[in-house]
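Residue numbers (our numbering): 1 to 245.
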Amino acid sequence: MRCVVANWKMNMLQGEASTFCDTFLEGYTPKDNVQVAVAPPFTLLTAVHDMLREKGIITIAQNGHYAKRGAFTGEIAMAQVKDAGANGVIIGHSERRHLFGETDEVVGKKLVKARAKGLLPVLCVGETLQDRDSGNTFMVLRQQLQVVAQAGPGPLWVAYEPVWAIGTGRRADLAQIQEAHAFIREEVQVAFGVPGTNVPILYGGSVTPDNFGEVLGVQHVAGALVGGASLDPAKFLQLVGIAQS
Ligand code: 13P
Numbered sequence: 001m002r003c004v005v006a007n008w009k010m011n012m013l014q015g016e017a018s019t020f021c022d023t024f025l026e027g028y029t030p031k032d033n034v035q036v037a038v039a040p041p042f043t044l045l046t047a048v049h050d051m052l053r054e055k056g057i058i059t060i061a062q063n064g065h066y067a068k069r070g071a072f073t074g075e076i077a078m079a080q081v082k083d084a085g086a087n088g089v090i091i092g093h094s095e096r097r098h099l100f101g102e103t104d105e106v107v108g109k110k111l112v113k114a115r116a117k118g119l120l121p122v123l124c125v126g127e128t129l130q131d132r133d134s135g136n137t138f139m140v141l142r143q144q145l146q147v148v149a150q151a152g153p154g155p156l157w158v159a160y161e162p163v164w165a166i167g168t169g170r171r172a173d174l175a176q177i178q179e180a181h182a183f184i185r186e187e188v189q190v191a192f193g194v195p196g197t198n199v200p201i202l203y204g205g206s207v208t209p210d211n212f213g214e215v216l217g218v219q220h221v222a223g224a225l226v227g228g229a230s231l232d233p234a235k236f237l238q239l240v241g242i243a244q245s
C-alpha cells in the first residue's frame, strides 16, 4: 500500500481548511492501493476528520504529549488527539526536534503512548546537512531509529525527511533516498523481524507533483509526507493521482 500524507504544519484557518476539503473531495476518487492522510493543526483536527472520513481519508495530529493528563500548559495528550478524531500522530518531526528541542527519549515515549491510545505513529527521522557533510547520516538515522526497537513490533509508518530538504526546494536525489530507505528498512526489520518488511517508509522534503513520480520509483519508498505542496488542493490531488497510477 502507498501512503500520501499532507502535513499542513502551522497553516490554515477554518475557512481555508473547509475550502481545501471541498475542492479536494470534488476531484478525489479513492483507490485501494493508496491511503491518503491529512495532518492539520490541532484546532482543525475534528473538522477535517469529519469532512474527509467518508472517503476513507485518515486524519493525523502533528504532535501529542506522552503524559496521560495534568499540568502541562499548552500541551495536548494522545488521548485528546484521539478524542478529537485523529487516527494517527506525527512523532519526532524535525521541526519538533530542532525548533522545540525534542530528544530521542521524548520521541520514544510519545511513540509508546501513541500506540497505547490506538493512534498510528508516523515517526520522522532525518539528518541535518552538517550530519551528511561529516559522513554521519547513517549513524544519526540509527540513533533516531532506536525508539523503534525499544517500542517493539506494532503499528508504524516511518518518514525519512532529510532536514536540509525540508521547505528548501532541494529534494534529496534518488540515490540518497534509495540508500537511506534501504537502511531504514533494514533497521526496522532487525527491530521487528518479518513484520518490519511491511512498515511503510515515506520520503519527505520538497516533494512536488513534478518530482514525486521518480521518488515513488525508488525501492522501499511507499509514499510521501508533503509540506508546502499539500496546502494547495490541486497539487495534493495531483500527488495522490501519481501514487494511485
Ligand atoms: P516540504 O514538503 O515543504 O519540504 O515539507 C516537508 C515536511 O516537513 C513534511 O513533514
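The beta-carbon is built from N, C-alpha and C at its ideal position, and this holds for glycine as well.
These numbers were taken from a predicted model, which means no experiment stands behind them.
For residue j and residue i, the rounded distance between their alpha carbons
i, j, result
"Lys117", "Asn198", "22 Å"
"Ser134", "Thr128", "10 Å"
"Ala151", "Lys68", "18 Å"
"Pro209", "Ala77", "34 Å"
"Ser18", "Asn7", "16 Å"
"Val48", "Val89", "14 Å"
"Val194", "Phe236", "33 Å"
"Gln14", "Arg96", "24 Å"
"Ala234", "Thr23", "8 Å"
"Ala86", "Leu45", "7 Å"
"Gln244", "Gln238", "10 Å"
"Arg2", "Gly56", "14 Å"
"Phe42", "Met10", "9 Å"
"Pro153", "Phe100", "28 Å"
"Gln219", "Thr103", "29 Å"
"Leu52", "Cys21", "7 Å"
Nearest residue (CA-CA) to residue i, options the options
i, options, result
"Leu114", "Pro200, Ala229, His65", "For the sequence presented, residue 114 should be read as Ala rather than Leu. That would be His65, whose Cα lies nearest to the Cα of Ala114."
"Val125", "Ala175, Glu187, Ala86", "Glu187"
"Lys82", "Leu120, Thr73, Val107, Phe20", "Leu120"
"Val158", "Lys31, Trp164, Gln146, Asp50", "Gln146"
"Arg185", "Gly217, Phe212, Ala222", "Ala222"
"Leu111", "Tyr28, Leu99, Gln144, Leu202", "Gln144"
"Ala191", "Asn11, Val148, Gly167", "Val148"
"Val107", "Val140, Arg132, Asn63", "Asn63"
"Ile60", "Gln35, Asp131, Ala165, Phe138", "Gln35"
"Ile202", "Gln189, Gly196, Asn211, Ile177", "It is Leu, not Ile, that sits at residue 202 in the sequence shown. Measuring from the Cα of Leu202, the nearest candidate turns out to be Ile177."
Helix, strand or coil at residue i [DSSP, three-state]
i, result
"Leu156", "coil"
"His220", "coil"
"Ala86", "coil"
"Leu145", "helix"
"Val38", "strand"
"Ala77", "strand"
"Ala67", "coil"
"Asn7", "strand"
"Thr29", "coil"
"Thr23", "helix"
"Ile184", "helix"
"Pro121", "strand"
Proximity of residue i and residue j at Cβ, strictly below 9 Å
i, j, result
"Gly169", "Ser206", "yes"
"Val215", "Leu174", "yes"
"Ala180", "Pro162", "yes"
"Ala39", "Val4", "no"
"Gly213", "Ile242", "yes"
"Ile91", "Leu123", "yes"
Burial state of residue i (16 or more Cβ within 10 Å)
i, result
"Pro155", "exposed"
"His93", "buried"
"His98", "exposed"
"Glu26", "exposed"
"Arg171", "buried"
"Thr73", "exposed"
"Thr29", "exposed"
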